[in-house]
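Residue numbers (my numbering): 141 to 360.
The following block contains the structure:
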């Protein structure tokens, strides 16, 4: 895959979407093309969990593994994902602001389930301690991926592994259902905040379709 000859027009690119829709794979391709760094939201979450306690940040400590709690319903898991996203948003916001104002730091792609559309729509950072007065225009871009087929999400989770195949079939279906519910919520929120949503399939054209979306956004 060729690399882009000129630097991207953005400083920060957010790639959101529910679990098992192809975010990580396409992020690697985009990072190679744009010669950008990658930051996983899970890395931020794990770091924050290390220096906080459940009493200090209860929402942040909701999921301490990659698997749902057995007694939770898919709907509750979806709600918990949203809560985790809200809890981690301030940390992501600081990274977004920092990569906007630091000269020559290079572009960064932030990827993860915990990116919420309301965060992705953020362009006013004036309330942040070290970034008084910062407002952005095109420095930050955002795209959400969506997989509308619950069975495809289940299939992708099987292929990804991470201990998923060791769960009972009921638990596997619960996890896939929760991801689908969360993905539908993200799509509705993205539409409300006027953030582009790109269909995850066909996978072989996903990279090109994201590039087209980034290019078309320059005219809006």
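A virtual CB, placed ideally from N, CA and C, is assigned to each residue, including glycine.
For this session: Alpha carbon to alpha carbon, how far is residue 313 from residue 296? Give it in angstroms, no decimals.
Result: 12 Å
For this session: State the Cα-Cα distance for the pair residue 300 and residue 160, rounded to the nearest angstrom.
Result: 8 Å
For this session: Would you check if the region 145 to 152 and the region 276 to 289 touch, i.e. whether three or more CB-CB distances between them fall below 8 Å?
Result: yes
For this session: Taking residue 347 as part of the alpha helix (DSSP H), name the residues at either end of that continuous run.
Result: 346 to 356
Problem set entry | Cβ shell of residue 343 (< 7 Å), same chain only, five flanking positions each side left out | These residues qualify, in order along the chain: 162.
Exercise. Is residue 262 buried or exposed, if buried means 16 or more other CB atoms sit within 10 Å of its CB?
Worked result: buried
Problem set entry | Extent of the continuous beta strand (DSSP E) to which residue 286 belongs | In this chain, the beta strand (DSSP E) harbouring residue 286 covers 280 to 286.
For this session: From the DSSP output, read off the bridge partner residues of residue 99.
Result: Absent from the model: residue 99. The displayed extent of the chain is 141 to 360, so no value can be given.
Problem set entry | Delimiting residues of the alpha helix (DSSP H) encompassing residue 232 | First-last of the alpha helix (DSSP H) with residue 232: 214 to 241.
Problem set entry | Among 283, 199, 321, 195, the one whose alpha carbon lies nearest that of residue 356 | 283
For this session: Can you give me the Cβ contacts of residue 309 inside the same chain, cut-off strictly under 7 Å, excluding the 5 residues immediately before and after it?
Result: none
Problem set entry | C-alpha gap between residue 351 and residue 166, whole angstroms | 11 Å
For this session: Note down the Cα distance separating residue 359 from residue 225, rounded to an integer number of angstroms.
Result: Unreliable placement is indicated for residue 359, whose pLDDT of 45 sits below 50; no coordinate value is reported for it.
For this session: Check whether the Cβ atoms of residue 93 and residue 243 sit closer than 8 Å, and answer yes or no.
Result: This structure leaves residue 93 out entirely; the chain is present only between 141 and 360.
Exercise. Thinking C-beta only, is residue 259 closer than 8 Å to residue 329?
Worked result: No; because the gap between Cβ atoms is not below 8 Å, this pair is not in contact.
Exercise. Which value, in whole angstroms, describes the spacing of the CA atoms of residue 265 and residue 280?
Worked result: So the two alpha carbons sit approximately 12 Å from each other.
For this session: Give the C-beta separation of residue 181 and residue 251 to the nearest angstrom, bearing in mind that I take them to be a contact with Cβ-Cβ under 8 Å.
Result: Indeed, because the Cβ distance is near 7 Å, the residues count as touching under 8 Å.
Exercise. To which residues of the same chain is residue 177 closer than 8 Å at the C-beta, ignoring the five residues directly before and after it?
Worked result: 171, 246, 247, 248, 249, listed in sequence order.
For this session: Check the DSSP bridge columns for residue 338 and list the partner residues they point to.
Result: 285
Problem set entry | Residue nearest to residue 184 in terms of C-alpha spacing, selected from 227, 291, 142, 196 | 227
Problem set entry | As assigned by DSSP and simplified to three states, the class of residue 156 | For residue 156, the secondary structure class from DSSP, reduced to helix, strand or coil, is strand.
Exercise. So who's on the other strand from residue 264, going by DSSP bridges?
Worked result: 275
For this session: Can you give me the Cβ contacts of residue 190 inside the same chain, cut-off strictly under 8 Å, excluding the 5 residues immediately before and after it?
Result: none
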